[in-house]
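>
In mature numbering (1 follows the signal peptide of the UniProt record, and there is no 0), the protein residues as written are -18 to -1, 1 to 424.
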């Protein structure tokens, strides 16, 4: 009960005072991102669940950093309303966090996504990149930290090497000797050894673990399990903290009593251990992944019982069958059930499909992108997002940016279809000579 009261208190606080997170737009991003020597920018979408979970932590971090009077700014950009700046910085998923220095993009943010993790990471970014240890006691105290650390043994004359070291000393990585003669090699060595052979992944450091990645999710009580407490954690680590991730692997009902093993590769493929968890099962799971012998997990609704209507219903399980049909050009709408624009489009889209029933090489389809995995070549950043997947180039679908009246869609398909439509010429005129008119032309 106390937890709920505390949360309500934070909500009230947030309503009573202005936000310490600075919101920028296409119009002012370039001019204002340089207001702070160091800035952390979050590129988000209002409908994104991960963004909603990050928001209160991001706000708390911004307030704390402001009180410390550090030269750090926490920025946010709504990509659904500011596509230009998000496209410039290659934003393809939400939330995307990037660090800027003096107005210029520096690197992707790899710190924690809780307030404490953000504060710690940005203190490090704003503070001196390295510190000199002048005595053995200084070194002992420095190494006594629960955090991974990097120590460079440098002679006073080795200024060039020290400069290289300083550039990467903000990385947080048991004892590993790295070659400091080359900045690229030093960066890679630190990055690869930060978390050891089997890293302890938490909500605070999750972003630092890059794919391909095998993760075993389980509940830990550090009070009852002293060995686990050697990681420096206290309290407990719960399945619920990674509920969003577990849902992506179809493990929404996992209770934490039995470990769940997963793998995420470098693309969009996901794998989950189906056998009863054991050391041997995990070992085979990873070996099969390396040998490319695992079947990827795909989040999918059940197949529709009847899919004979004009607009074909696509789910994860029949995506290849319908959208990647080599004999069909496919126009597919990715929608969300709660999306107002999607609801408005529904009757128009259905009318379009009815008009094109006689076009044997055209398929009009729709997919609930919140309930099914969307293949990586379809970049769905908002709803509705519509793509055209021509029969000869399924791996390079084209996003549809035209009007949303029936005539707009017909004109587009008449011009872009692999083969000419039966009922319309390439300009969008039907074979009676009548040109398709958009709503604005009527």
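From the three backbone atoms N, C-alpha and C, an ideal C-beta is built for every residue, glycine too. From a predicted model like this one, the values you see are computed outputs, not experimental measurements.
What does the alpha-carbon distance come out to for the pair residue 250 and residue 319?
As a first step, residue 250 is located in the chain shown; it is residue number 268 there, counting from the start. As a first step, residue 319 is located in the chain shown; it is residue number 337 there, counting from the start. Roughly 23 Å between the two C-alpha positions.
> So, for residue 42: in the same chain, excluding its five sequence neighbours on each side, which residues have a beta-carbon less than 6 Å away from its beta-carbon?
Counting from one through the chain shown, the residue named residue 42 turns up at place 60. Excluding residues within five positions, the ones whose Cβ falls inside 6 Å are 97.
> Is the CB-CB distance between residue 294 and residue 328 below 9 Å?
Looking up residue 294 in the chain shown gives position 312. Looking up residue 328 in the chain shown gives position 346. No; because the gap between Cβ atoms is not below 9 Å, this pair is not in contact.
> Let me check one thing: in DSSP terms, what residues is residue 365 bridge-paired to?
On the chain shown, residue 365 is found 383 positions in, with the first residue counted as 1. The partner list for residue 365 (beta bridge, DSSP) is empty, contrary to what the question assumes.
> Return the CA-CA distance between residue 256 and residue 236, expressed in angstroms with no decimal places.
To locate residue 256, count along the chain shown from 1; it is residue 274. To locate residue 236, count along the chain shown from 1; it is residue 254. Distance between the alpha carbons of residue 256 and residue 236 is about 13 Å.
> Taking only runs that begin and end inside the stretch 304 to 353, name each unbroken beta strand (DSSP E) of 3 or more residues, in chain order.
Fully enclosed beta strand (DSSP E) runs of 3 or longer: 311 to 317, 344 to 350.
> Round the Cβ separation of residue 3 and residue 107 to the nearest angstrom and send it over; I've been treating them as touching at under 8 Å.
Translated into positions along the chain shown, residue 3 becomes position 21. Translated into positions along the chain shown, residue 107 becomes position 125. In fact, because the Cβ distance is near 17 Å, the residues do not count as touching under 8 Å.
> By the three-class DSSP mapping on this structure, what secondary structure does residue 49 have?
Here residue 49 refers to the residue found at position 67 of the chain shown. Here residue 49 sits in helix by DSSP.
> Which same chain residues, not among the five before or five after residue 382, have their C-beta less than 6 Å away from its C-beta?
Looking up residue 382 in the chain shown gives position 400. For residue 382, where only same-chain residues beyond five positions count, the Cβ hits under 6 Å are 368, 370.
> Hey, is residue 33 close to the ligand ADP, as in C-beta under 8 Å from one of its heavy atoms?
Absence of the ligand ADP is noted for the structure shown, with no ligands found whatsoever.
> Would you say residue 67 and residue 17 are within 9 Å of each other, going by their C-beta atoms?
Indexing the chain shown from 1 puts residue 67 at position 85. Indexing the chain shown from 1 puts residue 17 at position 35. Going by C-beta atoms, residue 67 is not nearer than 9 Å to residue 17.
> Find out if the Cβ-Cβ distance for the pair residue 296, residue 349 is shorter than 9 Å.
Locating residue 296 in the chain shown gives position 314, where the first residue counts as 1. Locating residue 349 in the chain shown gives position 367, where the first residue counts as 1. The answer is yes: Cβ separation under 9 Å.
> Starting from the Cα of residue 13, find the closest Cα among 28, 289, 84 and give me that residue.
By 1-based counting over the chain shown, the position of residue 13 is 31. It is 84 whose Cα lies nearest to the Cα of residue 13.
> Need the endpoints of the alpha helix (DSSP H) that residue 106 sits in, please.
Within the chain shown, residue 106 is the residue found at index 124, counting from 1. Residue 106 -> alpha helix (DSSP H) spans 97 to 108.
> Using the beta-carbon count (16 or more within 10 Å), is residue 413 buried or exposed?
As a first step, residue 413 is located in the chain shown; it is residue number 431 there, counting from the start. Counting Cβ neighbours within 10 Å, residue 413 comes out exposed, since fewer than 16 surround it.
> Mind reading off the beta-carbon distance from residue 11 to residue 60? Whole number of angstroms is fine, and I expect it under 8 Å.
For the purposes of this step, residue 11 is taken as residue 29 along the chain shown, with counting starting at 1. For the purposes of this step, residue 60 is taken as residue 78 along the chain shown, with counting starting at 1. That belief does not hold up - the Cβ atoms of residue 11 and residue 60 are roughly 11 Å apart, past 8 Å.
> Using the beta-carbon count (16 or more within 10 Å), is residue 55 buried or exposed?
Indexing the chain shown from 1 puts residue 55 at position 73. Sixteen is the threshold: when 16 or more other Cβ atoms of the shown chains lie within 10 Å of the Cβ of residue 55, as they do, the residue is buried.
> Is residue 403 helix, strand or coil when you go by DSSP?
Here residue 403 refers to the residue found at position 421 when the chain shown is read from its first residue. Shown here, residue 403 sits in coil according to DSSP, grouped into three states, outside any helix or strand.
> Would you mind reading off the limits of the beta strand (DSSP E) that contains residue 57?
Residue numbering aside, residue 57 sits at position 75 when the chain shown is read from its first letter. 54 to 60 is the extent of the beta strand (DSSP E) around residue 57.
> Using a Cβ-Cβ cut-off of 8 Å (strictly less than) and excluding sequence neighbours within five positions of residue 384, which residues of its own chain qualify?
For the purposes of this step, residue 384 is identified with residue 402 of the chain shown, where counting begins at 1. 390, 391, 393, 394.
> Kindly list the residues whose CB is nearer than 7 Å to the CB of residue 73, restricted to its own chain and excluding five residues on each side of it in sequence; keep chain order.
The count along the chain shown starts at 1 and reaches residue 73 at position 91. Excluding sequence neighbours, residue 73 sits near 25, 61.
> Does the Cβ-Cβ distance between residue 168 and residue 101 come in under 9 Å?
Along the chain shown, one-based indexing puts residue 168 at 186. Along the chain shown, one-based indexing puts residue 101 at 119. No. Outside cutoff.
> Tell me the DSSP bridge mates of residue 412?
Residue mapping note: residue 412 aligns to position 430 of the chain shown, counting from 1. In the DSSP output, where bridge partners are listed per residue, residue 412 has 406.
> Between which two residues does the alpha helix (DSSP H) carrying residue 271 extend?
Position 289 of the chain shown holds residue 271. Counting along the chain, the alpha helix (DSSP H) containing residue 271 begins and ends at 261 to 272.
> Taking the continuous alpha helix (DSSP H) assigned at residue 26, which residues delimit it?
By one-based count along the chain shown, residue 26 stands at place 44. Segment 20 to 26 is the beta strand (DSSP E) holding residue 26; no alpha helix (DSSP H) there.
> Cutting at 6 Å between CB atoms, please list the residues of its own chain near residue 45, excluding the five before and the five after it.
Within the chain shown, numbered from 1, the residue matching residue 45 stands at position 63. If we look at residue 45 and ignore the five residues flanking it on each side, its Cβ neighbours are 2.
> If you compare alpha carbons, which of 230, 248, 410, 227 is closest to residue 194?
As a working note, residue 194 is residue 212 in the chain shown. Nearest option by C-alpha distance: 248.
> Count the other CB atoms within 10 Å of the CB of residue 308; is the residue buried (16 or more) or exposed (fewer)?
One-based indexing of the chain shown puts residue 308 at position 326. With fewer than 16 other Cβ atoms from the protein chains shown falling within 10 Å of its own Cβ, residue 308 counts as exposed.
> DSSP three-state label for residue 88, please.
Your numbering for residue 88 matches position 106 in the chain shown. If DSSP states are grouped into helix, strand and coil, residue 88 belongs with the strands.
> If I measure Cβ to Cβ from residue 324 and keep anything under 8 Å in the same chain, skipping five residues before and after, which residues do I get?
Stepping through the chain shown from its first residue, residue 324 is reached at position 342. Cβ neighbours of residue 324 beyond the five flanking positions: 315, 317, 318, 365, 366.
> Under the DSSP definition of a beta bridge, which residues are partnered with residue 394?
What you label residue 394 is simply residue 412 of the chain shown in a count that begins at 1. Paired residue(s): none; residue 394 is not in a bridge.
> Per the DSSP calculation, residue 196 is bridged to which residue(s)?
What you label residue 196 is simply residue 214 of the chain shown in a count that begins at 1. 245.
> Taking 9 Å as the CB-CB cut-off, is residue 19 touching chain B?
Of the chains in the structure shown, none is chain B; there is only one protein chain.
> Looking at the structure shown, is residue 279 part of a helix, part of a strand, or coil, going by DSSP?
Residue 279 sits at position 297 when you count from the first residue of the chain shown. Three-state DSSP puts residue 279 in a strand.
> Please report the straight-line C-alpha distance between residue 280 and residue 339, rounded to a whole angstrom.
The residue given as residue 280 occupies position 298 in the chain shown. The residue given as residue 339 occupies position 357 in the chain shown. One C-alpha to the other measures close to 30 Å.
> Measure how close the beta-carbons of residue 405 and residue 341 come, nearest whole angstrom, since I'm counting them as under 8 Å.
Here residue 405 refers to the residue found at position 423 of the chain shown. Here residue 341 refers to the residue found at position 359 of the chain shown. Cβ-Cβ separation between residue 405 and residue 341: approximately 7 Å, consistent with a contact (criterion under 8 Å).
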